[in-house]
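K.L.:
The sequence shown begins at 71 in my numbering and counts up one residue at a time.
Every residue gets a Cβ at the ideal spot worked out from N, C-alpha and C, and that includes glycine.
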Amino acid sequence: MKFILKTKVVGVDFSGEGVMRLAHKAEEDGVACVEFIAGKEGHVDYDMVKTFGIEYHVGKFPFLANSRAKAIDDAKGLVKIIAEKESDKILGVHIMSSNAGKLINEAVLAM
71 MKFILKTKVV GVDFSGEGVM RLAHKAEEDG VACVEFIAGK EGHVDYDMVK
121 TFGIEYHVGK FPFLANSRAK AIDDAKGLVK IIAEKESDKI LGVHIMSSNA
171 GKLINEAVLA M
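#1: Let me know the secondary structure DSSP gives G147 once reduced to three states.
#2: Using the Cα positions of K172 and K110, report the straight-line distance between them to the nearest angstrom.
#3: Could you tell me whether the Cβ atoms of V128 and I152 are closer together than 8 Å?
#4: For A145, which residues in the same chain have their Cβ closer than 6 Å to its Cβ, ignoring the five residues on either side in sequence?
#5: Would you call the CB atoms of K120 and L148 closer than 8 Å?
#6: Could you give the distance in angstroms between the alpha-carbon of S168 and the alpha-carbon of E176?
#7: Can you have a look at I107 and say buried or exposed, based on whether 16 or more other CB atoms are within 10 angstroms of its CB?
#8: Measure the C-alpha to C-alpha separation of D158 and V101 and round it to an integer number of angstroms.
#9: Quick check on the burial criterion: 16 or more other C-beta atoms within 10 angstroms. Buried or exposed for V89?
What follows is the structure, encoded as structure tokens:
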């Protein structure tokens, strides 16, 4: 797996999820970053779906296009769903929103 925790600035790496930080995610990315710096394979595999040869597609939906989100003045963010190409089985969900912690439960239930 290639090192993906890079910024556009040479020599500057990162951990976490950008603006929306979650401690458990940042911790895992931090460990993977140190593993890469030490010349080892990082244990966080963001290419796992590709590794198994699973054909997939990605759907993205911005909250700005959702009437309810606009009505409650919380239209920043998006949902990204990764699904198996043939069956549409949900393989993963990314939610970037102030309500991501509440919404992810629905995605897990769908999986």
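P.N.:
To lay it out plainly:
#1: coil
#2: 36 Å
#3: yes
#4: F133, L134, A139
#5: no
#6: 15 Å
#7: exposed
#8: 32 Å
#9: For V89, the predicted structure reports a pLDDT of 43, less than 50, and the residue's modelled location is therefore unreliable. A value from the coordinates is still provided. Answer is exposed; the Cβ neighbour count stays below 16.
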